[in-house]
Amino acid sequence: MKLIGVVDTTFSRIDMGAAAIDELKNCGTGFKVIRRTVPGMKDLPVAAKKLIEEDKCDIVIALGMPGCKPVDKTCAHEASTGLIQAQLLTNHHIIEVFVHEDEAPIGKELAQLMEKRSREHAINAYNMLFRPEVLVKNAGKGLRQGYEDVGSIKEK
Amino acid sequence: MKLIGVVDTTFSRIDMGAAAIDELKNCGTGFKVIRRTVPGMKDLPVAAKKLIEEDKCDIVIALGMPGCKPVDKTCAHEASTGLIQAQLLTNHHIIEVFVHEDEAPIGKELAQLMEKRSREHAINAYNMLFRPEVLVKNAGKGLRQGYEDVGSIKEK
Amino acid sequence: MKLIGVVDTTFSRIDMGAAAIDELKNCGTGFKVIRRTVPGMKDLPVAAKKLIEEDKCDIVIALGMPGCKPVDKTCAHEASTGLIQAQLLTNHHIIEVFVHEDEAPIGKELAQLMEKRSREHAINAYNMLFRPEVLVKNAGKGLRQGYEDVGSIKEK
Amino acid sequence: MKLIGVVDTTFSRIDMGAAAIDELKNCGTGFKVIRRTVPGMKDLPVAAKKLIEEDKCDIVIALGMPGCKPVDKTCAHEASTGLIQAQLLTNHHIIEVFVHEDEAPIGKELAQLMEKRSREHAINAYNMLFRPEVLVKNAGKGLRQGYEDVGSIKEK
Amino acid sequence: MKLIGVVDTTFSRIDMGAAAIDELKNCGTGFKVIRRTVPGMKDLPVAAKKLIEEDKCDIVIALGMPGCKPVDKTCAHEASTGLIQAQLLTNHHIIEVFVHEDEAPIGKELAQLMEKRSREHAINAYNMLFRPEVLVKNAGKGLRQGYEDVGSIKEK
Chain A
1 MKLIGVVDTT
11 FSRIDMGAAA
21 IDELKNCGTG
31 FKVIRRTVPG
41 MKDLPVAAKK
51 LIEEDKCDIV
61 IALGMPGCKP
71 VDKTCAHEAS
81 TGLIQAQLLT
91 NHHIIEVFVH
101 EDEAPIGKEL
111 AQLMEKRSRE
121 HAINAYNMLF
131 RPEVLVKNAG
141 KGLRQGYEDV
151 GSIKEK
Chain B
1001 MKLIGVVDTT
1011 FSRIDMGAAA
1021 IDELKNCGTG
1031 FKVIRRTVPG
1041 MKDLPVAAKK
1051 LIEEDKCDIV
1061 IALGMPGCKP
1071 VDKTCAHEAS
1081 TGLIQAQLLT
1091 NHHIIEVFVH
1101 EDEAPIGKEL
1111 AQLMEKRSRE
1121 HAINAYNMLF
1131 RPEVLVKNAG
1141 KGLRQGYEDV
1151 GSIKEK
Chain C
2001 MKLIGVVDTT
2011 FSRIDMGAAA
2021 IDELKNCGTG
2031 FKVIRRTVPG
2041 MKDLPVAAKK
2051 LIEEDKCDIV
2061 IALGMPGCKP
2071 VDKTCAHEAS
2081 TGLIQAQLLT
2091 NHHIIEVFVH
2101 EDEAPIGKEL
2111 AQLMEKRSRE
2121 HAINAYNMLF
2131 RPEVLVKNAG
2141 KGLRQGYEDV
2151 GSIKEK
Chain D
3001 MKLIGVVDTT
3011 FSRIDMGAAA
3021 IDELKNCGTG
3031 FKVIRRTVPG
3041 MKDLPVAAKK
3051 LIEEDKCDIV
3061 IALGMPGCKP
3071 VDKTCAHEAS
3081 TGLIQAQLLT
3091 NHHIIEVFVH
3101 EDEAPIGKEL
3111 AQLMEKRSRE
3121 HAINAYNMLF
3131 RPEVLVKNAG
3141 KGLRQGYEDV
3151 GSIKEK
Chain E
4001 MKLIGVVDTT
4011 FSRIDMGAAA
4021 IDELKNCGTG
4031 FKVIRRTVPG
4041 MKDLPVAAKK
4051 LIEEDKCDIV
4061 IALGMPGCKP
4071 VDKTCAHEAS
4081 TGLIQAQLLT
4091 NHHIIEVFVH
4101 EDEAPIGKEL
4111 AQLMEKRSRE
4121 HAINAYNMLF
4131 RPEVLVKNAG
4141 KGLRQGYEDV
4151 GSIKEK
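Residue numbers (the numbering used here), protein chains in the order written: chain A, 1 to 156; chain B, 1001 to 1156; chain C, 2001 to 2156; chain D, 3001 to 3156; chain E, 4001 to 4156.
Here it is as structure tokens:
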């Protein structure tokens, strides 16, 4: 039985963690989910590291919604840097799922983008854990999460 | 008995540490507070780490007020990065409470924002330690500290 | 028998990993390749570190294609920082091969640049492992990967 | 007997280390000073860490003068980041004293600012080591080093 | 017998490593040089760390020439950050010698600047290892490498 950690924030404007967990259930079996929620993005790195080291998760999905202001962009950068450090200190993958509040008009469109990206990265996490060969098969395919895939480009 | 560390700065223009400590007392019992003050934001990361490793605090609240100048923004970024590193090195949460001096007109308005954010993050720290299920319940609710909550957005 | 790790992304728009592996085979013998693919650039650092520490690779080639948007530039910076950290934590070289999507018009030109840089850095990796004296001989020669070499400048 | 490390640079345009050491002597007794000088700001972090780990200093004062050019600002950011890391790796405070060359007109005014900030942070270092309660008493008082203190703001 | 590591790049447009080594020979005796060359700046940090940890160098000189493009400035920042980390992880100095390609017109002038800075920092490395008191004597003297020294400023 594998363990998948899911950690999201109270700052976000949709329940990204719930979307990820729901999608994981569609992916298959053989795992349990452990969920945490923290106030903001900058609390994600240590929460993810604790899920790996204390709760023995095999992989973690860390979800957040950086706000519109310049200071929020800086926060997102700090959080991302911390998530990479947490991975290096644990030798475990943490799939970062960030949707910037200004990626789409605030409302239905943004909510759908957040939902879709959360779900598609949940599938990535599942595949990294159970079917890594699917990722190798998709190398260079121009895949995107939340948006349409842009596809490969050709040399000729 | 849990221990909550509180560290703030002499650079700040209100006593943010006192506000946080006062609010913690309203939250409940079962903990003691250990307080430190350092000159500026960049002294916060190691002070917080010492509170965790030397004073055995279970969680730390680190409060600061970045100034208005570009160099102050850089300092805030460095301090935030350090606070995330301190968390990763200790596997303990450190709740960062920063109010930028230019978030509100200097005077009563800024002071109230600083007071309010300090208090609301004190509640977050208390909940993370004693009632983590409250955070999970609030996942994606668009909570803010110091300002009004912006709330969730809907997909339909 | 040496081990060379190759890790690339599903975000990229050509199969950079395949290009690197094909070129390695042209370089010589005495090594095996272990390949991984991850969703995006920020997943590369820990994947490279795991190739070194868990799969015992002697060197790793990490390939990615940062997108055009400002947020993609930030991601590339975070990934690069993480790749340097992964090297420092393992005392092994990780050759970063990034081609920014806006370095050339999207289409044949970009694809060729990505292919060429992937191949030329594969040769660098091979030389670092088997013929480090080739690099010393080329110190200060203004070598470039993917573009024409610019050459040395003279003091007189 | 406590040990206070002082490290400054040959890049700086006044002898900041000498100013700090002179002021420390005014503060009181019970400590010895160990002094180092390095070429530039980016050499400060490891020099400070060596003072703590090899020379057993209890606290370090690290002084530098970032130049006027954009590249100098980047250097200052890198040095500050390194000084915070050095603190986190040693659990000791390192008081950073940076005066940017463009904070005041080059000449008497800049020299006086550098002298004053070096001295005032020397007092901070002394207090952190011997009288931490002085810092707590000054929490939120809007203290500045080199400039006039700006003071607290009121909520009413 | 001390060991001085020298590492430079094939990206650079003059052989900076050779210049540094030649100057070291003018400085005195009592040391041997170990030389490495890597493709680019971002390969310098781990190369320097390996020189210290695997080859037992007492100090390392790391030389590079960041290019003109914005992405090159980011690379330089990442490399510098990594070089500081490498120092903190080893408690050894690594003297960074970077000349930005746009510091002087490409040609004779740039080549001379690169040569001069490489040589002057080689002297710094020698002094840090064998004559640290020379650096203390020059604290605050406004020394520059490659350019004319700007000198001290006076308070009166």
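By construction, the Cβ of each residue, glycine as well, lies at the ideal position given by its N, Cα and C atoms. Source: prediction; values computed, not measured.
Judged by DSSP secondary structure, F130 (chain A) falls within the alpha helix (DSSP H) whose first and last residues are 108-130. In the structure shown, the three-state DSSP call for A1062 (chain B) is strand. Under the Cβ criterion of 8 Å, V3099 (chain D) is not counted among the residues facing chain B. Among the residues of the segment 2082-2093 of chain C, those with a Cβ less than 8 Å away from any Cβ of chain A are G2082, Q2085, A2086, L2089, in the order of the chain.
Close CB contacts of H3100 (chain D) within its chain, under the 6 Å cut and outside five residues either way in sequence, are with P3066 (chain order). Contact check for I4061 (chain E) against I4123 (chain E) fails: the beta carbons are separated by 8 Å or more.
Fully enclosed alpha helix (DSSP H) runs of no fewer than 4 residues occupy 4044-4053 of the segment 4017-4058 of chain E, in order along the chain.
Minimum Cα-Cα distance from F1031 (chain B) among the listed residues B:R1013, B:V1006, B:D1043, B:G1142 corresponds to B:V1006.
Per DSSP, the continuous beta strand (DSSP E) segment holding V4097 (chain E) begins and ends at 4094-4098. Around N1138 (chain B), the beta-carbon contacts reaching into chain A at under 8 Å are T10, T37. Contacts with chain E at 8 Å (Cβ-Cβ) include K2141 (chain C). Using a Cβ-Cβ cut-off of 8 Å, L4110 (chain E) does not count as an interface residue toward chain D, since no Cβ of chain D sits closer than that to its own.
Taking a contact to require three or more Cβ pairs closer than 8 Å, the segment 2049-2064 of chain C and the segment 77-92 of chain A qualify as touching. Close partners of R13 (chain A) in chain B (Cβ separation under 9 Å): G1140, K1141, G1142, V1150, G1151, S1152, I1153.
Interface flag for K4156 (chain E) against chain D is set, since a Cβ pair is found closer than 8 Å. CA-to-CA, the gap between D3043 (chain D) and K1056 (chain B) works out to about 33 Å. In summary, C75 (chain A) is buried, with 16 or more beta-carbon neighbours lying within 10 Å of its beta-carbon over all protein chains present. Below the 9 Å Cβ cutoff, chain B contributes no neighbours of E3115 (chain D), its closest Cβ being approximately 18 Å away. Contact check for D4149 (chain E) and K4141 (chain E): beta-carbon distance about 7 Å, within the 8 Å limit, so the pair qualifies. Within the same chain, and ignoring the five residues on either side of R117 (chain A) in sequence, the residues whose Cβ sits closer than 7 Å to its Cβ are V97, V99, Q145, G146. At a cut-off of 8 Å between beta carbons, L2135 (chain C) contacts chain E. Taking 8 Å as the upper bound on Cβ-Cβ separation, chain C lies near residues R4035, R4036, T4037, V4038, P4039, K4042, D4043, P4045, V4046, A4047, K4049, K4050, E4053, E4054 of the segment 4032-4063 of chain E. With a contact defined as Cβ atoms closer than 8 Å, P45 (chain A) and L1143 (chain B) miss out at about 19 Å. H121 (chain A) sits away from E2078 (chain C), with the two beta carbons spaced by 8 Å or more. Relative to the Cα of L24 (chain A), the nearest Cα in the group A:K69, A:M128, A:A86 belongs to A:M128. I1084 (chain B) sits in a helix when the DSSP states are folded into three classes. By the C-beta density criterion, M1 (chain A) is exposed, having fewer than 16 other C-beta atoms within 10 angstroms. CA-CA distance, D102 (chain A) to V2071 (chain C), rounds to 12 Å. Here the C-alpha atom of D1022 (chain B) lies approximately 26 Å from the C-alpha atom of G1082 (chain B). The shortest CA-to-CA distance from F2011 (chain C) to any of A:K154, A:T29, A:L135 is the one to A:L135. Taking 8 Å as the threshold, the shortest C-beta distance from N26 (chain A) to chain C does not fall below it. Per the C-alpha coordinates, the member of D:K3073, D:R3131, D:I3084, D:M3016 positioned closest to T3037 (chain D) is D:M3016. Of the residues assessed, E1054 (chain B) falls on the exposed side of the cut-off, its CB having fewer than 16 other CB atoms within 10 angstroms. Proximity of chain B to A18 (chain A) at the Cβ level (cut-off 8 Å) is accounted for by A1139, G1140, in chain order. Under the Cβ distance rule, G3107 (chain D) counts among the residues neighbouring chain E, one pair being separated by less than 8 Å. Listed as beta-bridge partners of L4135 (chain E) by DSSP are no residues whatsoever.
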